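Worksheet for the structure shown next.
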Amino acid sequence: MSEILFDEVPSLDLADFTSGDAERRARFVNQLSDAYQNIGFIALRNHGLSDELTQRLYAATKAFFALPDEVKQQYEVPELAGQRGYVGKGKEHAKGRNTGDLKEFYHVGQEVTDNDPIKEEYPDNIFPKEIPAFREVTLEAYQKLEAAGKQVLKAIAINLDLDENYFDDKVHNGNSILRPIHYFPIEDPDSVPADAVRAAEHGDINLITLLMGASADGLQVLRRDGKWIPITALPEQVVVNVGDMLARLTNNKLKSTIHRVVNPPRELMNTSRYSIPFFMHPRSEMDLTCLESCIDAQNPKAYPDATAGEYLNERLIELGLKKA
C-alpha cells in the first residue's frame, strides 16, 4: 500500500458497501483501507440518520445545555465516572494534560433489551425531566449510529482478512456512548487558562467514532507529516474515525489519529459550538491482543495484552473522570 498524505478527509458512501454489488463493496473496502491506514478518518454518507432526526437531536441537545448550571448538575453522578448523565464544564482533560477542556457534555449509554447478563455491568441511563424529547431522540440516534458502525466494522473485518462478522458478537450490546457536547461561550477569554482549548489533542479510546456534523468549524486532524488539517463534513455526512482500541487490535496498521477542537477567533469565543459523537465500544471482555496477521519483523507487537474493559478503565483515570 502506498503512503498517502490526504489534504482532506476522504468521502465514502455506505450504500456502496450495503448494496449487495460485489464491485461496489470491494471499492468501499479498498477506499476505507487507504483512508484508515493513512489518516484514520473518513466522511460517510447514507449512514441512516435522517435530517429530521438530526434536527430533533440538536434541538433537544441545545435545550438541555441552555438550562441553568444548577439544574444540569442534578444529572451529574460522580461515582459513575462520567459514564452516564451530565459531566460539567472543564471536568475532562486530555491524556497528559491537567487543564480541563472548555466543554460540558452528556452521556447516553447502551439499553440492553434482551436477557444478556452484560446488563449488570452498565449503569442505567439518566434523562433530564425538563426536556421530555431528550430520551426518545438520543436513543433513536444511538440505534441508527450503532447500526451504521456495525456495517463499517464489517468492512474493516474484510480488509483485515477476518470473517466479515468478526466484530458482531464483540459489539452486540457493546459499551458504546452517545455524547452530545456543548463547547460553551467564553464571555471573557482572559478569564480562562492560557492553554485552555475546546478539546485538546487526543486519540479516541474506542473501536470507531461516528461524529455527527458539528455546528461550527474547529475540528482538526494531525497528518502523518505533522500538519494539522481541518475536518469538514457536509450536512449529510458523519465523520468516522479509528479509535485506540482498533489501533491496538491491528498493531497500528489502522491509525488512531490525534485530533483536536481548536478555539475560534477571539471575537467568536462568546459563541457556542455543539457536536455529537457516538463512541462505539465493544463488550468489556473483548480481547484487544494484537492480531497475529498485523505483527511482522517490520512491525513488532506494540502493545501488551488487555481486554477492552481493562483498557477503558485505564483511560478513564488518565482523563480525570475516574479516580485511580
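In case it helps, this note's numbering puts the sequence shown at residues 322 to 645. Glycine included, each C-beta is placed from N, C-alpha and C at the ideal position. None of these values were measured; they are calculated from a predicted model.
- Could you give the uninterrupted runs of the alpha helix (DSSP H) lying entirely in the segment 568 to 610, keeping only those of 4 residues or more? none
- Message: I'd like to confirm the pairing. Which residues does DSSP put opposite GLU425 in its beta bridges?
- Response: HIS503
- Between which two residues does the alpha helix (DSSP H) carrying ALA469 extend? 454 to 480
- Query: Terminal residues of the continuous alpha helix (DSSP H) containing PHE385?
  - Reply: 372 to 386
- Query: Got a sec, what are the start and stop residues for the beta strand (DSSP E) ASP490 sits in?
  - Reply: It is not in any beta strand (DSSP E) - ASP490 instead sits in the alpha helix (DSSP H) that spans 489 to 492.
- Does the Cβ of ILE529 have 16 or more other Cβ atoms within 10 Å, making it buried, or fewer, making it exposed? buried
- Message: So, under 8 Å CB-CB, ILE498 and PHE600 are touching, yes? Tell me the CB distance rounded to an integer number of Å.
- Response: 5 Å
- Item | Neighbourhood of ASP437 by C-beta distance below 8 Å, restricted to the same chain and skipping five residues each side | HIS493, ASN494
- Message: Tell me the residue span of the alpha helix (DSSP H) that contains ILE638.
- Response: 629 to 639
- Going by alpha carbons, who is nearest to GLU485 out of ARG594, ASP334, ALA347, ALA618? ALA347
- Mind checking LYS465: buried by the 16 CB within 10 Å criterion, or exposed? buried
- Relative to the C-alpha of ASN446, which residue among TYR487, VAL392, TYR396, ASN359 is closest? TYR396
- Query: Would you call the segment 561 to 576 and the segment 472 to 481 touching, i.e. three or more CB-CB distances under 8 Å?
  - Reply: yes
- Query: Which residues in the same chain have their Cβ closer than 7 Å to the Cβ of GLU442, if we skip the five residues on either side of it in sequence?
  - Reply: SER605
- Task: Measure the C-alpha to C-alpha separation of ILE452 and ALA387 and round it to an integer number of angstroms.
- Result: 11 Å
- Element boundaries [beta strand (DSSP E), containing THR530]: 529 to 533
- Query: Is the CB-CB distance between LEU423 and TYR487 below 9 Å?
  - Reply: no
- Please name the residue or residues paired with ASN367 in a DSSP beta bridge. None, per the DSSP bridge assignment.
- Status (buried if at least 16 other CB within 10 Å, exposed otherwise) for THR571: buried
- Message: Counting C-beta neighbours from all protein chains within 10 Å, is the total for GLU467 16 or more, i.e. buried, or is it exposed?
- Response: buried
- Task: Measuring alpha carbon to alpha carbon, tell me which of GLY403, LEU370, PRO501, ALA520 ends up nearest ALA336.
- Result: LEU370
- Item | 8 Å CB neighbourhood of ASN620 in its chain, flanking five on each side removed | ASN572, ASN573, LYS574
- Item | Nearest-angstrom beta carbon gap, ILE360 and LEU353 [assumed within contact, 8 Å] | Contact doesn't hold; Cβ gap of about 12 Å is too wide.
- Message: Measuring alpha carbon to alpha carbon, tell me which residue in VAL473, LEU531, ALA517, LEU589 is nearest ARG500.
- Response: LEU531
- Selected residue, minimal CA-CA separation from GLU635, among LEU589, LYS548, VAL582, ASN527: ASN527
- Go through its chain and collect everything with a Cβ distance to VAL408's Cβ below 6 Å, but skip five positions before and after it. PHE426
- Query: Between the Cα of SER593 and the Cα atoms of GLU508, LEU555, ASP546, which residue gives the shortest distance?
  - Reply: GLU508
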